[in-house]
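Have a look at the structure below before the remarks.
Residue numbers (our numbering): 21 to 246.
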């Protein structure tokens, strides 16, 4: 799984350095230079972790984190700040942050913490969102553009693995493993049939298809900009 992160940092030089280093670690990183811009990106996209400075123009990091939590966005947040007192850290945790890294920091440690948060997110996420498609794993409900989608148990398993890995491609072998746990396939077209049925529910009633076959690689689920 390739990790998708968002860095909200108003220092452009630091942001450039972080984005470049994370790329070397095979971590994709979007960047926003202000609180409002970061909030919009976080609401419009799916990230495995958010790297968030506290001192931001327009909306500080604590306000941004609290705004995300108030909207039900549970992506892990790593707070980046020069404020290192206990009171500052407690304020961050009260706002909903998951981890804290004091500036100046080592890029290796930043990458390691981002990876740890991303993997924790993948394992524990209760709500998945790609574009206007959402899954509530606790309630076992799925909606697209606010409309409820009825999905079979097999379709649910397929959709969940695609959503957890979005926007990356999931191979046919990985999908088959998720459905049949390494056992014998019902028949050679079984996966194709289940994907067709899932597309009928998720894509057919809407303006664009989110479930996409990537030739010779597998299947991905992506929003309109993916």
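Even glycine gets a Cβ: it sits at the ideal position worked out from N, Cα and C.
Counting along the chain, residue 183 sits inside no beta strand (DSSP E); it lies in the alpha helix (DSSP H) bounded by residues 173 to 185. The C-beta distance from residue 230 to residue 239 rounds to 11 Å, too long to meet the 8 Å contact threshold. For the set 134, 98, 65 and 126, the Cα lying nearest the Cα of residue 73 is the one of 98.
Inclusion of residue 54 and residue 76 in the CB contact set at 9 Å is warranted, their separation being smaller than that value.
By the CB criterion at 9 Å, residue 149 and residue 47 fall outside the cutoff. Leaving aside the five residues that flank residue 112 on each side, the residues in its chain whose CB is nearer than 7 Å to its CB run, in chain order, 82, 99 and 120. The beta carbon of residue 127 sits closer than 6 Å to those of 41, all from its chain and outside the five residues before and after it, given in chain order.
Within the same chain, and ignoring the five residues on either side of residue 61 in sequence, the residues whose Cβ sits closer than 7 Å to its Cβ are 26, 50 and 52.
If you compare the alpha carbons of 117, 166 and 228 with that of residue 86, the shortest gap goes to 117.
Linking residue 93 to residue 56 through their CA atoms gives a straight-line distance of about 15 Å. Rounded to whole angstroms, the gap between the alpha carbons of residue 152 and residue 91 is 15 Å. For the options 176, 185, 59 and 243, the alpha carbon positioned closest to that of residue 214 is the one of 176. Close CB contacts of residue 211 within its chain, under the 8 Å cut and outside five residues either way in sequence, are with 192, 195, 196, 199 and 205 (chain order). Looking at the backbone, the Cα of residue 236 and that of residue 122 are separated by about 44 Å. When the alpha-carbon of residue 146 is set against those of 164, 96 and 216, the nearest one is in 96.
The beta carbon of residue 80 is closer than 7 Å to those of 55 and 74 in its chain, skipping five residues each way along the sequence.
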